[in-house]
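Start counting the sequence shown at 280; every next residue gets the next number (the working numbering).
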Amino acid sequence: MSAAPEPTPVPGEPGALAFGTLTWVPALGRADLLADPVAAALGRLAEVDAEAAQQILVAEIDPALADTAAMTEAYELPLAASANCVLVAGKRAGDERVAACVVRATTRADVNNVVRRLLDVRKASFWPMDQAVTASGMEYGAITPVGVPTSWRLLLDTRVTSGPAIVGSGVRHSKLLLPGEVLARLEGAEVVTGLGVDVG
Numbered sequence: 280m281s282a283a284p285e286p287t288p289v290p291g292e293p294g295a296l297a298f299g300t301l302t303w304v305p306a307l308g309r310a311d312l313l314a315d316p317v318a319a320a321l322g323r324l325a326e327v328d329a330e331a332a333q334q335i336l337v338a339e340i341d342p343a344l345a346d347t348a349a350m351t352e353a354y355e356l357p358l359a360a361s362a363n364c365v366l367v368a369g370k371r372a373g374d375e376r377v378a379a380c381v382v383r384a385t386t387r388a389d390v391n392n393v394v395r396r397l398l399d400v401r402k403a404s405f406w407p408m409d410q411a412v413t414a415s416g417m418e419y420g421a422i423t424p425v426g427v428p429t430s431w432r433l434l435l436d437t438r439v440t441s442g443p444a445i446v447g448s449g450v451r452h453s454k455l456l457l458p459g460e461v462l463a464r465l466e467g468a469e470v471v472t473g474l475g476v477d478v479g
């Protein structure tokens with residue numbers, strides 16, 4: 280199977296796209312490939328923005344290849360198409376403030392400057408794995424902006440809001456593919472210039 284260099288329609292499969300060596304199908308019909316909070320969020324989105332919900336696709340992958348670098352290599356996907364969602368928290372006056380930060384895989388979230396200022400905390404740091412998994416209801420390495428608690432800030436780097444974006448599905452055995460423009464239409468999403476900084 281030759282890799283599709285960009286998302287292209289699959290003949291005979293309405294709504295499906297080929298990208299890399301994977302076939303991506305509408306996520307609304309594949310709850311078995313989604314974490315419960317993700318499936319619930321998709322359902323809510325379909326009620327208020329059916330067009331956006333229909334553009335969110337899912338593909339099954341080997342869970343051993345869920346990490347971005349392994350996944351992009353194994354399925355012949357461009358690294359720049361992937362987006363990572365990291366959970367960052369800080370405290371102010373005893374109150375913990377949490378942000379889900381989404382940046383392209385070719386960048387890293389500017390936690391110490393941009394995120395810290397947006398949360399208005401003295402120190403911001405990545406959440407420990409166990410805490411992130413418990414609070415999100417998602418598997419580690421599969422945390423996604425689709426379905427994070429609405430009490431958290433959802434921060435998107437400008438660069439993830441255009442072009443295709445591959446993000447987690449809440450479980451390690453699949454990934455979501457959606458237009459960056461749809462990411463920006465998620466409930467509570469805030470587009471932040473400079474959230475992601477180039478690596479290297």
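Beta carbons: idealized from backbone N, C-alpha and C, even for Gly.
query: Take every Cβ of the stretch 395-415, pair it with every Cβ of the stretch 300-310, and state whether three or more of those distances are shorter than 8 Å.; result: no
query: Using the DSSP secondary-structure output, state which residues sit across from Asp374 in a beta bridge.; result: Arg371
query: Please list, in chain order, all residues of the same chain as Val337 whose beta carbon is under 8 Å from its beta carbon, the five residues on each side excluded.; result: Trp303, Val304, Pro305, Ala306, Arg309, Leu312, Leu313, Ser448, Ser453, Lys454, Leu455, Leu456
query: Name the DSSP beta bridge partners of Glu469, please?; result: Leu434
query: Based on DSSP bridge pairs, tell me the residues matched to Asp477.; result: Thr386
query: Looking only at C-alpha atoms, which of Leu465, Gly475, Ile340, Ala295 sits nearest to Ala329?; result: Leu465
query: Can you check the stretch 334-371 for any alpha helix (DSSP H) of at least 4 residues that lies completely inside it and give the ranges in chain order?; result: 347-353
query: Give me the residue from Thr287, Leu474, Phe298 with the minimum Cα distance to Leu397.; result: Leu474
query: Per DSSP, what kind of secondary structure is Gly416 in: helix, strand or coil?; result: coil
query: Are the CB atoms of Cys364 and Ile422 within a distance shorter than 8 Å?; result: yes
query: How far does the beta strand (DSSP E) with Ala485 in it reach, from first residue to last?; result: Within the shown structure, residues of the chain are numbered from 280 to 479, placing residue 485 beyond reach of any answer.
query: Val381 bridges to which residues according to DSSP?; result: Cys364, Leu435
query: Can you look up Pro295 in the DSSP assignment and give me helix, strand or coil?; result: It is Ala, not Pro, that sits at residue 295 in the sequence shown. Residue state, collapsed to three classes: coil.
query: Which residue or residues does DSSP assign as beta-bridge partners of Gly447?; result: Lys454
query: If we ignore side chains and look at the alpha-carbon of each, how far apart do Val470 and Asp315 end up?; result: 26 Å
query: Going by the DSSP bridge assignment, what does Thr423 pair with across the sheet?; result: According to DSSP, which records beta bridges pairwise, Thr423 is partnered with nothing at all.
query: From this set, Thr413, Arg432, Ala331, which residue's C-alpha is nearest Arg239's C-alpha?; result: There is simply no residue 239 to check, as the chain begins at 280 and stops at 479 in what is shown.
query: Only counting the same chain, and skipping five residues up and downstream in sequence, which positions put a Cβ closer than 7 Å to that of Pro284?; result: none
query: Contact check, Arg371 vs Val478 under 8 Å by CB: the rounded distance?; result: Between Val478 and Arg371 the Cβ distance is about 29 Å, and since that is not below 8 Å, they are no contact.
query: Here's a check: name, in chain order, each residue in its chain whose Cβ is nearer than 6 Å to the Cβ of Arg395, leaving out the five neighbours to either side.; result: Ala403
query: Once you ignore the five residues that flank Gly426 on each side, which residues in its own chain have a CB closer than 6 Å to its CB?; result: Pro316, Val317, Ala320
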